[in-house]
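Numbers in the numbering used here are just positions in the sequence shown, counted from 1, shifted up by 9. Where a beta carbon is used, it is the ideal one built from N, C-alpha and C, also for glycine. Keep in mind it's a predicted model, so treat the numbers as computed, not measured. Accompanying notes for the structure given below.
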Amino acid sequence: MKQPCFALNSPDFWHEEKELLVLGFFEGLGEFCFSPAGEMLLRVYNQFPSFKNDFKGKFGQKMLLRLPERDFALRQILFVGLGEREEFDLERHRELSAQITCYIRDLGIKSFGLEVFKDPADAERVKATVEEIGLSLYQFRAYKKTPEDSEDIEKINLLVEQTKETKKAFNQGKVLLENVCLTRDLVNEPANVMTPRELSMRAREIAHNSQEKITVEIFNKEELASLGMKLVLAVGQGSQNEPCLIKMEYKPRRMRNPKAPYVLVGKAVCFDSGGLDIKSADSMNDMKGDMAGGAAVICTLKTIAELNLPFWVVGLIPVVENLPSGTSYKPGDIIKAYNGKTIEIGNTDAEGRLILFDTMAYAKEKYHPLLVVDIATLTGACMIALGYHFAGIMGNHPEFIERFKSAGDESGERVWELPLDKKFLKDMESKIADLNNAGPRWGGAINAACFLQEAVGKDQPWIHIDCAGPAYLGRGGSSYRPGGATGFGVRLLTQFFLNQLKGKKQKVK
Ligand code: BES
Ligand code: ZN
Ligand code: ZN
Numbered sequence: 010m011k012q013p014c015f016a017l018n019s020p021d022f023w024h025e026e027k028e029l030l031v032l033g034f035f036e037g038l039g040e041f042c043f044s045p046a047g048e049m050l051l052r053v054y055n056q057f058p059s060f061k062n063d064f065k066g067k068f069g070q071k072m073l074l075r076l077p078e079r080d081f082a083l084r085q086i087l088f089v090g091l092g093e094r095e096e097f098d099l100e101r102h103r104e105l106s107a108q109i110t111c112y113i114r115d116l117g118i119k120s121f122g123l124e125v126f127k128d129p130a131d132a133e134r135v136k137a138t139v140e141e142i143g144l145s146l147y148q149f150r151a152y153k154k155t156p157e158d159s160e161d162i163e164k165i166n167l168l169v170e171q172t173k174e175t176k177k178a179f180n181q182g183k184v185l186l187e188n189v190c191l192t193r194d195l196v197n198e199p200a201n202v203m204t205p206r207e208l209s210m211r212a213r214e215i216a217h218n219s220q221e222k223i224t225v226e227i228f229n230k231e232e233l234a235s236l237g238m239k240l241v242l243a244v245g246q247g248s249q250n251e252p253c254l255i256k257m258e259y260k261p262r263r264m265r266n267p268k269a270p271y272v273l274v275g276k277a278v279c280f281d282s283g284g285l286d287i288k289s290a291d292s293m294n295d296m297k298g299d300m301a302g303g304a305a306v307i308c309t310l311k312t313i314a315e316l317n318l319p320f321w322v323v324g325l326i327p328v329v330e331n332l333p334s335g336t337s338y339k340p341g342d343i344i345k346a347y348n349g350k351t352i353e354i355g356n357t358d359a360e361g362r363l364i365l366f367d368t369m370a371y372a373k374e375k376y377h378p379l380l381v382v383d384i385a386t387l388t389g390a391c392m393i394a395l396g397y398h399f400a401g402i403m404g405n406h407p408e409f410i411e412r413f414k415s416a417g418d419e420s421g422e423r424v425w426e427l428p429l430d431k432k433f434l435k436d437m438e439s440k441i442a443d444l445n446n447a448g449p450r451w452g453g454a455i456n457a458a459c460f461l462q463e464a465v466g467k468d469q470p471w472i473h474i475d476c477a478g479p480a481y482l483g484r485g486g487s488s489y490r491p492g493g494a495t496g497f498g499v500r501l502l503t504q505f506f507l508n509q510l511k512g513k514k515q516k517v518k
């Protein structure tokens with residue numbers, strides 16, 4: 010879809026006649042946020058005495074004032090309640106930015122000016138405002154007969170104090186917005202279009218358009234066989250669309266980690282029917298979204314390359330379809346993984362951990378990475394535990410887990426740690442092989458992570474992000490958060506790298 014155009018403090022705003030200016034107030038009406046509007050506000054106050062009685066600044070409260078033509082160049086002001094000043098954290102800020110954008114769009118207004126509430130010089134808030142405005146307007150319209158582009162907001166002017174930091178944050182926000190939308194597009198494509206082949210072509214295209222910053226390699230079925238990735242092949246063998254492995258690499262000339270890369274591994278099951286352990290119709294409904302982790306990794310590489318971040322990063326994305334057929338892998342099969350461990354198939358619907366297992370083992374052997382991060386729509390259990398607002402996080406490196414928690418809070422893609430205790434591994438044992446891919450229902454998200462841990466062992470720093478809940482909202486969504494794919498992961502992973510850059514808590518043993 011067409012993105013709206015963002016301007017940073019465009020001087021035209023005060024001269025041109027614009028449709029709407031948004032101003033935020035904290036509860037109690039004591040203070041407004043941004044001074045250039047102050048003088049005009051006083052005049053508004055005087056003209057509309059009733060305003061003071063009706064508008065209390067409660068969080069989310071909105072009041073639209075149409076201004077008399079003779080007095081103001083501006084036609085309309087939207088007053089927005091920010092609630093209590095102390096409670097107006099970044100998360101509330103994000104929510105409100107999205108809410109008011111949809112409110113304005115539904116009024117049929119095409120352009121508006123908006124303060125960055127609370128502190129217009131706060132770079133994080135500038136970034137968040139750009140992202141949330143753009144993401145709230147996102148729609149997947151590729152297959153709708155009647156394009157509704159004419160109803161979209163076209164221009165947004167952010168009224169922000171211009172500093173080096175706010176300009177940088179503004180640009181970062183725009184790059185992130187574009188790439189989160191791209192991730193959503195990849196995930197929202199139906200599975201008859203987004204086959205393993207198609208996803209690999211999209212990754213190729215991204216690399217080709219990256220001004221040689223990103224290199225890409227696609228391993229086909231035969232190449233996977235000679236590498237020894239039998240788990241990836243097993244999961245993919247039920248479909249006529251063959252599996253593959255996408256490798257993307259961003260290796261800038263100047264980097265902070267010349268010795269070893271960060272490796273991002275993303276689950277890309279283009280459709281998860283469950284295989285022979287077939288899912289119910291209801292649970293199968295959203296399973297085109299089971300490649301959201303892979304899409305997030307592809308688009309994170311694109312983002313960090315566009316932001317020229319000085320880190321060597323490799324993305325590995327195993328891509329398959331999990332389907333039932335005469336050639337499918339079967340419950341009870343025993344398959345040898347890339348690292349030599351034998352896996353008994355307890356359930357063909359626990360396919361994500363199998364393709365990640367091979368890929369993570371390969372990553373460890375080939376790169377000895379500084380850190381392996383896997384991101385996957387891995388378990389329904391994680392969704393039951395944490396719902397839509399948090400991804401589960403586990404791993405073997407407490408310091409990196411803490412960094413991901415901070416990156417989550419800052420980026421708006423939050424994570425919650427589950428206890429990765431070795432007790433859970435007992436449940437993944439098999440009587441006739443080294444491991445079983447399915448454990449009991451209870452604690453299913455942790456069982457899966459325990460299984461993955463066996464791919465890399467204790468000494469390889471590794472983080473696991475289970476985004477089954479937040480990656481895909483189905484038809485759910487809300488009035489200001491579109492349903493379907495969310496693009497979860499791109500902002501979280503990019504924020505992690507941005508924080509590594511700040512040098513804060515830089516040293517990792
Ligand atoms: N792709 C699913 C997990 C999932 C469920 C993602 C709901 C998004 C929404 C995964 O492959 C799966 O089916 N996991 C099983 C594992 C079980 C058979 C051990 C599950 O969670 O039920
Ligand atoms: Zn499955
Ligand atoms: Zn799956």
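- Rounded straight-line distance, which links the Cα of ASN508 to that of LEU32: When rounded, the distance between both Cα atoms is 31 Å.
- beta strand (DSSP E) runs contained entirely in the region 188-258, provided each spans 3 or more residues: If only uninterrupted beta strand (DSSP E) runs of at least 3 residues are considered, those enclosed by the region 188-258 are 223-228.
- Beta-carbon separation (whole angstroms), ALA346 vs ILE352, contact threshold 8 Å: Between ALA346 and ILE352, the beta carbon gap of about 6 Å places them in contact (Cβ cut-off 8 Å).
- Where are the alpha helix (DSSP H) runs, 4 residues long or more, that stay fully inside the region 372-398, in chain order? Listed in chain order, the complete alpha helix (DSSP H) runs (minimum 4 residues) inside the region 372-398 are 389-395.
- What's the gap between the Cα of MET369 and the Cα of TYR271? Answer to the nearest angstrom: the Cα atoms are 12 Å apart.
- Task: Indicate whether at least one CB of chain B lies closer than 9 Å to the CB of HIS406.
- Result: No chain B appears in the structure shown, which is made up of a single protein chain.
- the region 470-490 / the region 85-95 touching (three or more Cβ pairs under 8 Å): With the rule of 3 Cβ pairs closer than 8 Å, the region 470-490 does not count as touching the region 85-95.
- Could you say if the region 317-336 and the region 259-269 meet the contact criterion of at least three C-beta pairs nearer than 8 Å? Because the criterion of three Cβ pairs below 8 Å is met, the region 317-336 and the region 259-269 touch.
- Secondary structure of GLY90, DSSP reduced to three states: The DSSP-derived three-state label of GLY90 is strand.
- Sub-9 Å separation of LYS230 and THR386 beta-carbons: Judged by their CB atoms, LYS230 and THR386 are not nearer to each other than the 9 Å cut-off.
- Query: Grouping DSSP H, G and I as helix and E and B as strand, with all else coil, what is ALA480?
  - Reply: ALA480 falls in the coil class under three-state DSSP.
- If you drop the 5 nearest sequence neighbours on each side, which residues of the same chain put their C-beta closer than 8 Å to that of LEU99? Hits under 8 Å: GLU133, ARG134, ALA137, ASP418, GLU419 and GLY421.
- Does the region 294-305 touch the region 474-481, meaning 3 or more C-beta pairs lie closer than 8 Å? Cβ pair count under 8 Å is three or more, so yes.
- Environment of LYS183 [buried if 16+ CB atoms lie within 10 Å]: So LYS183 ends up on the buried side.
- Do the region 196-210 and the region 298-310 meet, that is, are 3 or more Cβ pairs less than 8 Å apart? Yes, the region 196-210 touches the region 298-310.
- Query: Do you know offhand how far LEU363's Cα is from GLY401's?
  - Reply: Rounded to whole angstroms, LEU363 and GLY401 show a C-alpha spacing of 19 Å.
- Item | C-beta atoms of ALA256 and PHE15 nearer than 9 Å | The question names Ala, but residue 256 is Lys in the sequence shown. Taking 9 Å as the Cβ cut-off, LYS256 and PHE15 do not qualify as a contacting pair.
- Message: For CYS279 and GLU214, what's the separation of their Cα atoms in angstroms?
- Response: Put simply, the backbone Cα of CYS279 is about 18 Å away from that of GLU214.
- Cβ separation of GLU330 and ASN250, assumed to be a contact under 8 Å, to the nearest whole Å: About 5 Å; that satisfies the 8 Å criterion.
- Message: Within a Cβ cutoff of 7 Å, which residues of the same chain sit near ASP194, ignoring the five residues on either side of it in sequence?
- Response: Around ASP194: PHE149.
- Message: Could you check whether the Cβ of MET203 sits closer than 8 Å to any heavy atom belonging to ligand 3?
- Response: No, the Cβ of MET203 stays beyond 8 Å of every heavy atom of ligand 3.
- Does ligand 1 have a heavy atom nearer than 8 Å to the CB of GLY452? No, Cβ of GLY452 sits at least 8 Å from all heavy atoms of ligand 1.
- Task: Please classify HIS406: does DSSP put it in a helix, a strand, or coil?
- Result: HIS406 falls in the coil class under three-state DSSP.
- Message: For a test of the three-state rule: what should DSSP assign to LYS414, helix, strand or coil?
- Response: Residue state, collapsed to three classes: helix.
- Message: Could you tell me which whole alpha helix (DSSP H) segments of length 4 or greater appear in the region 245-321?
- Response: Whole alpha helix (DSSP H) segments, 4+ residues: 290-293 and 301-315.
- Task: Could you please go through the chain and list the residues whose beta-carbon is closer than 5 Å to any non-hydrogen atom of ligand 1?
- Result: Those residues are ASP281, ASP299, ASN356, ASP358, ALA359, GLY361, THR386, THR388, GLY389, ALA447 and ALA477, given in chain order.
- Message: List, from N- to C-terminal side, the beta strand (DSSP E) runs of 3 residues or more that fit wholly inside the region 70-140.
- Response: As far as the region 70-140 is concerned, its whole beta strand (DSSP E) runs of at least 3 residues are 71-75, 85-92 and 120-124.
- Excluding sequence positions up to five away, which residues of its chain have a Cβ less than 8 Å from the Cβ of ALA394? Hits under 8 Å: GLY401, LEU427 and ALA454.
- Query: Under a Cβ-count criterion, where at least 16 other Cβ atoms within 10 Å of its own Cβ denotes burial, should ARG423 be classed as buried or exposed?
  - Reply: Sixteen is the threshold: when 16 or more other Cβ atoms of the shown chains lie within 10 Å of the Cβ of ARG423, as they do, the residue is buried.
- Report the option in ILE142, LEU191 and PRO199 whose CA atom is closest to the CA atom of PHE179. It is ILE142.
- Environment of LYS511 [buried if 16+ CB atoms lie within 10 Å]: With fewer than 16 other Cβ atoms within 10 Å, it is exposed.
- Query: Based on Cα-Cα distance, which residue from GLY302, PHE505 and VAL323 lies nearest to ASN197?
  - Reply: Closest option to ASN197, judged by alpha-carbon separation, among GLY302, PHE505 and VAL323: GLY302.
- Message: Quick check on this structure: which residue in ILE313, GLN462 and ALA442 has the alpha carbon closest to the alpha carbon of ASP367?
- Response: Closest option to ASP367, judged by alpha-carbon separation, among ILE313, GLN462 and ALA442: GLN462.
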